[in-house]
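Q: If you scroll down you'll find the structure; I have some questions about it.
Protein chains: 2
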Amino acid sequence: MQDKLTLMIPGPTPVPETVLKAMGRHPIGHRSADFQAIVKRTTEQLRWLHQTESTVLAMAGSGTSAMEAGIINVLSKGDTVLCGDNGKFGERWVKVAQAYGLQVQVIKAEWGQPLDPEAFRTALEADTGKAIKAVILTHSETSTGVINDLQTIAAHVKAHGTALTIADCVTSLGACNVPMDAWGLDVVGSGSQKGYMMPPGLGFVAMSDRAWEAYGRSDLPKFYLDLGKYRKSAAQDSNPFTPPVNLYFALEAALEMMQAEGLDNIFARHERHRRATQAAMKAMGLPLYASEGHGSPAITAVAPNGIDAESLRKEVKNRFDILLAGGQDHLKGKVFRIGHLGFVADRDVLTAVAAIEATLQALGLDSGSTGAGVAAAAVELAR
Amino acid sequence: MQDKLTLMIPGPTPVPETVLKAMGRHPIGHRSADFQAIVKRTTEQLRWLHQTESTVLAMAGSGTSAMEAGIINVLSKGDTVLCGDNGKFGERWVKVAQAYGLQVQVIKAEWGQPLDPEAFRTALEADTGKAIKAVILTHSETSTGVINDLQTIAAHVKAHGTALTIADCVTSLGACNVPMDAWGLDVVGSGSQKGYMMPPGLGFVAMSDRAWEAYGRSDLPKFYLDLGKYRKSAAQDSNPFTPPVNLYFALEAALEMMQAEGLDNIFARHERHRRATQAAMKAMGLPLYASEGHGSPAITAVAPNGIDAESLRKEVKNRFDILLAGGQDHLKGKVFRIGHLGFVADRDVLTAVAAIEATLQALGLDSGSTGAGVAAAAVELAR
């Protein structure tokens, strides 16, 4: 059956009809007053979403391009950075830093475990020579469904006095509270196909005043990712390079919908979906992959003991046209991931749980209590 | 009046309804078999468009991101490059090369004049030590409406034996013949909002085998723009980072339309529009900015002596909702530019000419022979 696909992956996430329709308009000139009005408005909307006074810059690119821009615009060759690594995206920022010749100290945690804020505090306090120029970490680690304690770690960075906090908020922004200014985050990177409820293709970077000071010293080579060019253009409600005009139409519409819902409601919805999904999986006897208390509001990773996660995922797709995400790298076949990020309603979570239960039953893999997952989810959704 | 805008700028160019509709579908998972099928198909279509056996890589980004990727993936720090500069985009590649610490030799021509192939031959023949690693130039210089003789210059580079040809084909690909393999082009960069008849947001880079050999030696730092990652993923019909899924839908539909029209017909159409536009401007007494015989098939720049080009452009927009492009940098107010690139029909060219004539008459700036432009265009369109 065509056109019945439901995305329950951590991106691309489902897109509202309103946003698709806005995106489907004929493009306009990107140097026109009409387009400048869109840049002006979306820039304000993005400030609201980031809870910041800083300018949020948008570029044609993925979340990785935004994070790379954030890193290479505030650092210089040979600089020491402290990277948190407890999953595929943590690993990625280590690789980006290394690709640019930075000295990388890594604070690791096992996949499925959160980063330990104390390890950051210790490393930062030990750095009396102030060699560490930045701490790079992922807020919601998409590969494992773990949320890291960005607020606490950012406070330790603040106490260090010199280092900047560069945060990958790709799957946390628009899912849970990320008050950039209140937490003192210096660089926040994100991507459009996540909490933004729109298709992929736009990356976002917000930088604090301290980050812009560091930009003035940065000597890493860049041109397309040179955020100074974006800032200069943004001051004139414009872009340095041809922006993805139709994705801007989508952005404006999506942020308008988000503003109508309100940040608190959006965060409460994601939190409710996290609770409902986790409760359902437990009721079905399927262990969560993220350690207790550290599950992301955007994504729940499940490690179904003794069941091939990839087969289960494929059956859910074949039978019910719901796309779940698989495990990445060494987790392939061991983990499946349920995205509950962005334009996801209570109904979607209930449906996904029901579909997983029905599939387990059809495969003879259920624990004999089919329906328990839906019942548990329903309790949490009703709270 | 809403929704009546006609784009006659060199990008974003008009987008067919078929392409907009394809783009407006709900996104699908970018790691799904359905999406892999789209990558596989569009990769073949892109080979057709580039007339190459090489793989053409696509990334979320602008034409500049594609060109920067082409440059930084085949060169190393301190390498000498020869850059052609006869307009804003020629200038831009000089800046990109300098940003990465390359030694840049510039061959300049006045804005409005083509690059002199002999100057390239002389410089390349003088380089007996084979210091020049690449020649970077723009095929169709969007800022001035000049087409450079890429074929001849590429042949001189070939004769050099070592240097690579890196060509900005952003406004030539899909407008005129750019047979990558036959001309021996090593790197070809382009962007979606031009001849591709789709919205901005996708950049394309094709690289020859020689370019990939140079990639193996390249030491310039990169991660998001590291084309090796794209090549590895492309071999599996995939992308290293989340691709702009909806723009891929548009790409598939647009390239299907282009294949139905056929390369020869597409090139003949652009050539007809170039002739018709040039003839019309001459008939109206408006001097062309590009020197005789070197006008681009994608864009005609006009320098209306004694008339403020910016006022004329704005009046055409206000009266007839046709968006022409202004002059860039020092040409602002002195030049306006008519884009006839991509999804442009004979009717659009005739309409633009008529609208310019009508506006000049309304402003009392006509030469007393209103209608002469349309008549001249009609002759060329009927040939």
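The listed protein sequences correspond, in order, to chains S and U. First residue of the first sequence: -9, per the numbering used here; consecutive thereafter. First residue of the second sequence: -9, per the numbering used here; consecutive thereafter. Note that the Cβ used here is the ideal one computed from N, Cα and C, for glycine as well. Values in this document were obtained by computation on a predicted structure and should not be read as measured data.
Please classify residue -9 of chain U: is it buried, with 16 or more other beta-carbons within 10 angstroms of its beta-carbon, or exposed?
A: Counting the other Cβ atoms within 10 Å of the Cβ of residue -9 of chain U gives fewer than 16, which makes it exposed.
Q: I'd like to know if residue 13 of chain U contacts chain S, where contact means its C-beta is closer than 8 angstroms to some C-beta of that chain.
A: Taking 8 angstroms as the threshold, the shortest C-beta distance from residue 13 of chain U to chain S falls below it.
Q: So, using beta-carbon positions, are residue 223 of chain S and residue 230 of chain S closer together than 8 angstroms?
A: Note that the C-beta distance between residue 223 of chain S and residue 230 of chain S is below 8 angstroms.
Q: Can you tell me where the beta strand (DSSP E) holding residue 292 of chain S begins and where it ends?
A: Per DSSP, the unbroken beta strand (DSSP E) holding residue 292 of chain S starts and ends at 289 to 292.
Q: Going by DSSP in three states, residue 95 of chain U sits in which element: helix, strand or coil?
A: strand
Q: Looking at the C-beta of residue 153 of chain S, does it have a partner C-beta in chain U at a distance below 8 angstroms?
A: Among the residues facing chain U, residue 153 of chain S is not included, as its CB has no counterpart in that chain under 8 angstroms away.
Q: Rounded to whole angstroms, what's the CA-CA distance from residue 363 of chain S to residue 266 of chain S? Just pull it up for me.
A: 9 angstroms
Q: Using a Cβ-Cβ cut-off of less than 8 angstroms, give me the residues of the segment 77 to 108 of chain U that come near chain S, in sequence order.
A: 85, 86, 89, 90 and 91
Q: Under a three-way DSSP split, which group does residue -9 of chain S fall into?
A: Look at residue -9 of chain S here: in three-state DSSP terms it is coil, with no helix or strand label.
Q: Just to confirm before moving on: does the CB-CB distance between residue 63 of chain S and residue 131 of chain S stay below 8 angstroms?
A: no
Q: With 16 other CB atoms within 10 Å as the buried threshold, where does residue 208 of chain U fall?
A: buried
Q: Taking 8 angstroms as the cut-off, decide whether the C-beta atoms of residue 188 of chain S and residue 182 of chain S are in contact.
A: For residue 188 of chain S and residue 182 of chain S, yes; Cβs fall inside 8 angstroms.
Q: Closer than 8 angstroms, Cβ to any Cβ of chain S: which residues of the segment 217 to 230 of chain U, in chain order?
A: none
Q: Enumerate in chain order the residues of its own chain whose CB-to-CB distance from residue 12 of chain U is below 6 angstroms, with the five nearest sequence positions on each side excluded.
A: 239, 240 and 243
Q: Can you tell me which residues form a DSSP beta bridge with residue 75 of chain S?
A: Answer by DSSP bridge pairing, in chain order: S/98.
Q: Taking only beta-carbon positions, decide if residue 328 of chain U is within less than 8 angstroms of chain S.
A: no
Q: Can you tell me whether residue 345 of chain S is buried or exposed? The criterion is at least 16 other CB atoms within 10 Å of its CB, across all chains shown.
A: buried
Q: Taking residue 331 of chain S as the query, report the chain U residues whose CB atoms sit under 9 angstroms from its CB, ordered along the chain.
A: Residues of chain U passing the Cβ test: none, with the nearest at roughly 13 angstroms.
Q: Going by C-alpha distance, which of U/50, U/154, U/137 and U/45 is nearest residue 283 of chain U?
A: U/137
Q: Run through chain S and tell me which residues come within less than 7 angstroms of residue 233 of chain U, C-beta to C-beta.
A: 190
Q: Find out if the Cβ-Cβ distance for the pair residue 54 of chain S, residue 101 of chain S is shorter than 8 angstroms.
A: no
Q: My output table needs one value for residue 14 of chain U: the three-state DSSP class, helix, strand or coil.
A: Residue 14 of chain U falls in the coil class under three-state DSSP.
Q: In three-state terms, what does DSSP make of residue 137 of chain S?
A: Per DSSP, reduced to three states, the secondary structure at residue 137 of chain S is strand.
Q: For residue 434 of chain U, count neighbouring C-beta atoms within 10 Å of its own C-beta (all shown protein chains included) and say buried if the count is 16 or more, exposed if not.
A: Residue 434 of chain U cannot be examined here, being either before or after the span of chain U that is shown, -9 to 373.
Q: Quick check on this structure: which residue in U/373, U/277 and U/121 has the alpha carbon closest to the alpha carbon of residue 65 of chain U?
A: U/121
Q: Can you tell me the Cα-Cα spacing of residue 86 of chain U and residue 48 of chain S, whole angstroms?
A: 20 angstroms
Q: Would you say residue 55 of chain S lies against chain U (beta-carbon separation less than 8 angstroms)?
A: yes
Q: Residues of the segment 20 to 48 of chain U in Cβ contact with chain S at a cutoff of 9 angstroms, in chain order, please.
A: 20, 21, 22 and 24
Q: Could you give the distance in angstroms between the alpha-carbon of residue 115 of chain S and the alpha-carbon of residue 150 of chain S?
A: 7 angstroms
Q: When you check each C-beta in the segment 158 to 181 of chain S against every C-beta of chain U, which residues fall closer than 9 angstroms?
A: Those would be 181, in chain order.
Q: Identify the residues that DSSP records as bridge partners of residue 199 of chain S: which are they?
A: In DSSP, residue 199 of chain S forms no bridge with anything.
Q: Which residues of chain U have a Cβ atom closer than 8 angstroms to the Cβ of residue 71 of chain S, listed in chain order?
A: Under the 8 angstroms cutoff, chain U gives no residues; its nearest Cβ is about 14 angstroms from residue 71 of chain S.
Q: For a contact meaning CB atoms closer than 8 angstroms, what does residue 212 of chain S contact in chain U?
A: 89
Q: Considering only residues of the segment 203 to 243 of chain S, which uninterrupted alpha helix (DSSP H) runs meet the minimum length of 4 residues and lie entirely inside it, listed in chain order?
A: 217 to 224
Q: Would you grab the beta carbon distance between residue 211 of chain U and residue 91 of chain S for me? Rounded to a whole angstrom, and I think it's under 8 angstroms.
A: 7 angstroms
Q: Using a Cβ-Cβ distance under 8 angstroms, would residue 321 of chain S count as near chain U?
A: no
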